[in-house]
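K.L.:
The structure follows.
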């Protein structure tokens with residue numbers, strides 16, 4: 001094998017999800033009527049912004065070899081905090097700030113801080129007290145959702161302040177600002193993971209925690225930061241959710257966790273830790289979203305989405321095994 | 332030999348009722364190579380972990396460069412200048428050779444105030460270090476999981492040679508190496524010692540110890556059973572120390588060793 005073909009093959013393997021996405025989009029464009037439109041593609045990107053942002057945090061923690069089941073509930077809590085403060089109808093308090101634009105950074109800060117706080121608690125319990133990540137975050141998944149229901153009394157907040165709503169309506173190049181925020185998050189966190197010592201350390205911790213500890217990397221600190229980041233990003237996803245729905249309900253975002261897991265696995269992140277890139281995760285999110293869109297356009301009952309998502313996760317895992325075999329031959 | 336670099340005084344380590352170390356005392360000078368020998372379970376690896384910051388001793392004290400020293404974490408030991416090559420390799424197989432070489436000490440440059448990995452600079456350094464040591468790895472960008480056991484061990488060895496520090500601990504560094512690579516490895520150790528770095532090497536292979544070490548320290552059942560200059564002893568005598576039948580001229584015996592300054596009077 002020449003170095004050139006080897007390089008090309010490595011490139012294809014590294015970005016396999018993107019090729020799958022292109023393939024699926026091509027197939028749908030050919031066979032599903034009305035699929036091939038810019039508006040549809042814009043819609044796919046728009047619909048994947050909340051899930052996308054949430055998946056970043058989840059992927060981050062999984063790459064370090066841990067787990068965060070709480071992201072979905074944390075997002076709901078972030079959304080509810082923003083909803084209660086800045087909505088004017090329902091349980092909203094209708095908080096007003098002058099000048100109006102000030103509400104945007106303040107609401108984002110609230111959502112991110114709420115998420116970060118839950119993440120910090122998770123991180124400390126898991127890393128410092130050495131409890132199992134699965135159990136701790138499962139508990140958080142339950143109690144945080146409970147908190148959302150308790151705080152809202154099961155009711156909803158509507159009519160989000162227009163200054164914040166603006167993000168869901170204003171478009172640049174045909175995409176709403178919320179979608180751009182998601183894309184920006186992917187770019188920023190991909191750079192952090194690939195180019196900074198912090199990101200490199202997270203990947204190495206996921207690969208061999210003992211080795212990184214012996215090498216003098218501050219494993220505990222890095223892991224807690226990863227959990228805080230996952231919580232904070234989930235909070236941001238909640239903010240996006242509040243903007244999209246112009247408020248918050250007690251059951252906002254239920255079921256997103258499993259889609260996020262699917263996206264992360266399809267995106268090539270190994271649940272064993274240490275393997276995966278955020279660009280792949282974004283492709284995974286877009287892949288799920290484009291399949292949803294196709295199902296809608298074909299007029300199939302929405303229940304099929306779940307079946308297809310499940311099969312897709314299976315296919316992704318099988319593909320991952322295949323990829324490993326090919327890589328072994330390459331080396 | 333010059334002044335002692337590291338002095339261990341009556342180090343003990345208990346795991347519950349089990350005494351892994353029952354009072355170990357010896358010292359290492361700058362530029363000296365000490366071979367640490369002993370049977371399985373004699374406490375060699377425990378001792379290495381105490382010096383390198385993975386374990387805390389139950390009692391006893393250490394002097395490093397004349398100052399009281401106790402590393403709570405490997406990071407602290409590293410900061411003081413102690414490098415360790417562990418028996419089970421400390422490599423992250425999911426990243427490439429360069430990332431492993433620089434684990435925890437990445438070269439960065441600032442872009443808008445944010446530290447960014449300088450991959451080119453790191454790759455150049457690794458390329459040079461491996462070439463100097465005669466290690467051949469097809470691509471420095473290959474993930475370590477795709478490399479052979481020998482190649483992995485070579486990376487670890489080259490890493491310690493490159494970073495040096497003041498004291499190097501090697502816990503069975505040649506277990507996966509071939510004949511030629513072992514020869515190079517032993518050469519590397521001598522080369523490192525010539526730079527004034529103290530080296531402690533744990534090995535099971537008598538021949539290696541005699542090839543490379545200035546002094547041989549034998550640990551038996553958690554105490555120093557012998558501490559002799561390599562040129563004043565023989566493999567047979569060392570074997571006897573390891574197994575417990577002490578011969579004349581083999582150095583201080585295990586008994587009277589625990590709180591005795593006897594071994595300090597060794598000939599140098």
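Residue numbers (the working numbering), protein chains in the order written: chain A, 1 to 331; chain B, 332 to 599. Glycine residues also receive a C-beta, built at the ideal position from the N, C-alpha and C atoms.
Beta-carbon separation of residue 192 of chain A and residue 198 of chain A under 8 Å?
P.N.:
yes
K.L.:
Let me check one thing: in DSSP terms, what residues is residue 337 of chain B bridge-paired to?
P.N.:
B:359 and B:395
K.L.:
Which of helix, strand or coil does DSSP assign to residue 402 of chain B?
P.N.:
The answer is coil: DSSP assigns residue 402 of chain B none of H, G, I, E or B.
K.L.:
Which of helix, strand or coil does DSSP assign to residue 311 of chain A?
P.N.:
helix
K.L.:
Would you list, in sequence order, the uninterrupted beta strand (DSSP E) runs of no fewer than 3 residues that lie entirely inside the segment 519-562 of chain B?
P.N.:
529-533, 546-551 and 554-560
K.L.:
Taking just the CA atoms, how far does residue 404 of chain B sit from residue 412 of chain A?
P.N.:
No statement about residue 412 of chain A is possible, as the shown extent of chain A runs from 1 to 331 and does not include it.
K.L.:
Relative to the alpha-carbon of residue 450 of chain B, which residue among B:468, B:472, B:444 and B:462 has its alpha-carbon at the smallest distance?
P.N.:
Among B:468, B:472, B:444 and B:462, the Cα nearest to that of residue 450 of chain B is on B:472.
K.L.:
Examine chain A for any beta-carbon lying closer than 8 Å to the beta-carbon of residue 417 of chain B, and answer yes or no.
P.N.:
yes
K.L.:
Taking only the alpha-carbon atoms, compute the straight-line gap between residue 26 of chain A and residue 160 of chain A and give it to the nearest angstrom.
P.N.:
38 Å
K.L.:
Could you confirm whether any beta carbon from chain C is found closer than 8 Å to the beta carbon of residue 213 of chain A?
P.N.:
Here the protein chains are A and B, and chain C is not one of them.
K.L.:
Mind checking whether residue 248 of chain A and residue 154 of chain A have CB atoms under 8 Å apart?
P.N.:
no
K.L.:
Which stretch, first to last residue, makes up the alpha helix (DSSP H) that contains residue 197 of chain A?
P.N.:
197-207
K.L.:
Would you say residue 405 of chain B lies against chain A (beta-carbon separation less than 8 Å)?
P.N.:
yes
K.L.:
Count the other C-beta atoms from every protein chain shown that fall within 10 angstroms of the C-beta of residue 349 of chain B, then say buried if there are 16 or more, exposed otherwise.
P.N.:
exposed
K.L.:
Our contact map puts residue 17 of chain A next to residue 280 of chain A with C-beta atoms below 8 Å; I'd like the distance itself, whole angstroms only.
P.N.:
Rounded to whole angstroms, the Cβ separation of residue 17 of chain A and residue 280 of chain A is 5 Å, and the two are in contact under 8 Å.
K.L.:
Can you list, in chain order, the stretches of the alpha helix (DSSP H) that have 4 or more residues and sit fully within the segment 57-114 of chain A?
P.N.:
71-86
K.L.:
Relative to the alpha-carbon of residue 80 of chain A, which residue among A:128, A:46, A:246 and A:57 has its alpha-carbon at the smallest distance?
P.N.:
A:246
K.L.:
From what residue to what residue does the alpha helix (DSSP H) around residue 486 of chain B run?
P.N.:
480-494
K.L.:
Between which two residues does the beta strand (DSSP E) containing residue 413 of chain B stretch?
P.N.:
413-416
K.L.:
Among the candidates A:267, A:108 and A:297, whose CA atom is the shortest distance from the CA of residue 243 of chain A?
P.N.:
Residue A:108 is the option with its Cα nearest to residue 243 of chain A.
K.L.:
Report yes if the C-beta distance between residue 180 of chain A and residue 78 of chain A is below 8 Å; otherwise report no.
P.N.:
no
K.L.:
Determine, using beta carbons only, whether residue 157 of chain A and residue 92 of chain A come nearer to each other than 8 Å.
P.N.:
yes
K.L.:
For residue 518 of chain B, which of B:543, B:537 and B:570 has the nearest alpha-carbon?
P.N.:
Looking at the Cα atoms, B:543 is the closest of the given residues.
K.L.:
For chain A, check one thing: does any of its Cβ atoms lie closer than 8 Å to the Cβ of residue 426 of chain B?
P.N.:
yes
K.L.:
Is DSSP giving residue 218 of chain A helix, strand or coil here?
P.N.:
coil
K.L.:
Cβ atoms of residue 498 of chain B and residue 336 of chain B: under 8 Å apart, would you say?
P.N.:
yes
K.L.:
Taking just the CA atoms, how far does residue 61 of chain A sit from residue 225 of chain A?
P.N.:
A direct Cα-Cα distance of roughly 10 Å separates residue 225 of chain A from residue 61 of chain A.
K.L.:
State the Cα-Cα distance for the pair residue 540 of chain B and residue 524 of chain B, rounded to the nearest angstrom.
P.N.:
14 Å
K.L.:
Indicate the three-state DSSP secondary structure (helix, strand or coil) for residue 368 of chain B in the structure shown.
P.N.:
strand
K.L.:
Near residue 454 of chain B, which residues of its chain fall below 6 Å by C-beta distance, leaving aside the five closest residues on each side in sequence?
P.N.:
429 and 471
K.L.:
So, using beta-carbon positions, are residue 24 of chain A and residue 298 of chain A closer together than 8 Å?
P.N.:
no
K.L.:
Where do the ends of the alpha helix (DSSP H) carrying residue 574 of chain B lie?
P.N.:
566-574
K.L.:
For residue 123 of chain A versus residue 285 of chain A, is the C-beta distance shorter than 8 Å?
P.N.:
no
K.L.:
Would you kindly work out how many angstroms separate the C-alpha atoms of residue 462 of chain B and residue 329 of chain A, rounded to a whole number?
P.N.:
26 Å
K.L.:
With a 10 Å radius around its C-beta and 16 neighbouring C-beta atoms as the bar for buried, classify residue 132 of chain A as buried or exposed.
P.N.:
exposed
K.L.:
If you run the structure through DSSP and keep just helix, strand and coil, what is residue 39 of chain A?
P.N.:
helix
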